[in-house]
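Inspection log for the structure reproduced underneath, given as structure tokens.
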Amino acid sequence: MEFHTLFLLHLLLVLSLLLFMKKKRKNAKNLPPSPPKLPIIGNLHQLGELSHQSLFKLSKKYGPVMLLHLAGIPTVILSSAEAAKTALKVHDLNCCSRPSSAGPRRLTYNFQDISFAPYGDYWRQMRKICVLELFSTKRVQSYRSIREEEVESLMDFISESSISSTPVNLTEKLYALTASIILKLAFGKSFRGSNFDNHRFHEVIQESEAVLGSYFASECVPYVGWIIDRITGLHQRLEGVFKELDNFFQQVIDDHQSSERKKQDQDDIIDVLLKTVKEQSGFGTAMLSEVNIKAVLLDVFLAGVETSATTMIWAMAELAKKPELMKKAQDEVRNAIGDKGKVSESDIDQLQYLKMIVKETLRLHPPAPLLLPRETMSYFKINGYDIFPKVQVQVNVWGIGRDPEYWENPDEFVPERFADDSIDYRGQDFEFLPFGSGRRICPGMYMATTTMELGLANLLCRFDWRLPDGIKEEDINMEEKAGLSLTTSKKSDLQLVPVKVL
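Numbered per mature numbering (1 follows the signal peptide of the UniProt record, and there is no 0), the sequence shown spans residues -28 to -1, 1 to 474.
Structure (structure tokens):
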């Protein structure tokens, strides 16, 4: 009897010790601070209509490294330059993958190939194509005539409007400009007047960004989330928009492969990708197909159309609110080009104040306020906090760009702050990351800035701009458009009256 009693006591002691050690190990985890969460949805209810602003406010209370639970997805939000540097530079390889998705976004060509593909050999090879073939400095410069031609077309339209002093909807026209440029770069021609013209293309791109920026219940809530996606119609929206894009992409690919197609002066993006698929050089087992071409095209349009147009719109809005800054920029451009009458890309390097305007716009209004989520692949620490594998990491670029620790008067539009500053957007200055950093930095950065600078320079060179009758500078609405999206655009359209000067 005593033996059994001693055995039970001994067993209880061992079990108690094991439980204590397990609890101690659990408590030993130094996780980032986290706001209180609700069952099932976690912290989703704390994300407002403008999630980057909500997260910035939360970071003021819980710190620059903050753990949220977006339903079933643990997500670390980084809101300081130091934390961003640790993740994107020191531990870039530990967290350079993308969250895997078994949800409906698999419709988007396996959740896309460049922006969203998990880290691995296939992604590395696809990115090599983008960096060395599609968006190299040489390739971007070879498209100079396309950009200048499309900008000239916009200037002609504005000139006609200036005759009658009619307000121009710059939001609409700048979106059309970037869509036209990207369409020609990708497909070698414009689609004006077709059933899928530039305007319709922009609508589809906006809808694509809206659904990709949404939270899918099937990715957050196990087992029953897919039912919610269908009830809300989100799944159907995704199916519809990508079916339309897929049909359009297939039509253009077939056209490029047709024996009746005339030889172009230079290869467009589809020509380059079709050549790569044909040669299959350097890919080993990662064989490419037309599906991969469509995936890259989708990346190009999502990253190229909305972001460049949005930045130019914000820049013109900020200058319209501060006429003295607009005049300073106009004087620089007009003095630089003299009697030429228009700005070409070869003139841009002389326009240092214009470049400051672009930088300041990207700081105050980054087109992607939250960098696309990364997924950690191994354990590391950020600011002393434990970060485990299979955790999402997002950098709040919008919040960092408005942090008074790094920027004096951060909410003010002051291009001169970049006058004597070496801070650049190429991913090494972590207080300023409009294009990201590390392995996942935007490969189309040079293409985007070239387009923005050329467009803005010509708008400032050829026209004076005044507000419509009855509108004052303080009346310009600078609110951001609410809603989930990959980009942050101006809530209301920007309408200005052009006065031709050249």
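Glycine included, each C-beta is placed from N, C-alpha and C at the ideal position.
Could you spell out the range, first to last residue, of the alpha helix (DSSP H) harbouring residue i?
i: Q223; result: 206 to 229
i: R70; result: First-last for R70: undefined, no H or E at that position.
i: residue 478; result: Within the shown structure, residues of the chain are numbered from -28 to 474, placing residue 478 beyond reach of any answer.
i: D436; result: Taken as a continuous stretch (DSSP letters only), D436 belongs to no alpha helix (DSSP H), being part of the beta strand (DSSP E) at 435 to 438.
i: D358; result: Counting along the chain, D358 falls outside any alpha helix (DSSP H), though it belongs to the beta strand (DSSP E) covering 357 to 359.
i: M127; result: 116 to 135
i: S248; result: A quick correction: the sequence has Thr, not Ser, at residue 248. Per DSSP, T248 belongs to the alpha helix (DSSP H) from 241 to 251.
Let me know if residue i comes out buried or exposed under the rule of 16 or more other beta-carbons within 10 Å of its beta-carbon.
i: H337; result: buried
i: Q366; result: buried
i: R(-4); result: Here the model assigns R(-4) a pLDDT of 48, short of 50, so the residue's position is not dependable, and the following value carries that caveat. Exposed.
i: F83; result: Any reading at F83 needs caution, since the residue's pLDDT is 45, under 50, leaving its predicted position unreliable; the model's value is listed next. Label assigned to F83: buried.
i: Q25; result: buried
i: R398; result: exposed
i: T460; result: buried
i: N449; result: exposed
i: R434; result: buried
i: V112; result: buried
i: G92; result: exposed
i: N264; result: buried
On a Cα-Cα basis, can you pick out the residue from the options that is closest to residue i?
i: K463; options: W286, D64, V112; result: W286
i: T279; options: Q223, K250, L149; result: L149
i: W95; options: I118, R411, V244; result: R411
i: E175; options: A158, G212, W198; result: G212
i: F385; options: I443, G20, V330; result: V330
i: T348; options: K161, C67, F407, M288; result: C67
i: A56; options: G442, L431, S409; result: S409
i: L431; options: D311, P470, F159; result: P470
i: L343; options: L27, N264, G14; result: L27
i: P11; options: T204, K294, Y378, V193; result: V193
i: T109; options: T58, R172, G416; result: G416
i: N355; options: G92, H63, I45; result: H63
i: D392; options: D447, M328, P341, D441; result: M328
By the DSSP assignment, the beta strand (DSSP E) with residue i in it spans what residues?
i: Q324; result: Looking at the DSSP string, Q324 is not in any beta strand (DSSP E); the run it does join, the alpha helix (DSSP H), is 324 to 336.
i: K415; result: It is worth fixing the name first, because residue 415 is Pro in this sequence and not Lys. Counting along the chain, P415 falls outside any beta strand (DSSP E), and DSSP gives it neither H nor E.
i: V471; result: 467 to 472
i: Q366; result: 364 to 367
i: P295; result: Run containing P295: none in the beta strand (DSSP E); it sits in the alpha helix (DSSP H), 295 to 309.
i: M38; result: 37 to 42
i: K353; result: 352 to 354
Beta-carbon separation of residue i and residue j under 8 Å?
i: A53; j: E445; result: no
i: L269; j: I177; result: no
i: Y357; j: N2; result: yes
i: S31; j: N381; result: no
i: A189; j: I200; result: yes
Cβ pair count under 8 Å reaching 3, the segment 359 to 371 against the segment 308 to 315: no
Segment contact flag, the segment 36 to 48 with the segment 5 to 23, C-beta cutoff 8 Å, min 3 pairs: yes
Segment contact flag, the segment 275 to 293 with the segment 409 to 428, C-beta cutoff 8 Å, min 3 pairs: yes
contact_flag[the segment 322 to 339, the segment 294 to 302] where n(CB pairs < 8 Å) is 3 or more: yes
Touching by the beta-carbon criterion (3+ pairs, under 8 Å), the segment 239 to 255 and the segment 98 to 118: They touch, by the three-pair rule.
Three or more C-beta pairs below 8 Å linking the segment 328 to 344 and the segment 117 to 136: no
Stretch-stretch touch, CB-based, cutoff 8 Å, three pairs: the segment 144 to 159 with the segment 116 to 123: For the pair of segments examined, the segment 144 to 159 was found to touch the segment 116 to 123: the number of CB pairs separated by less than 8 Å reaches three.
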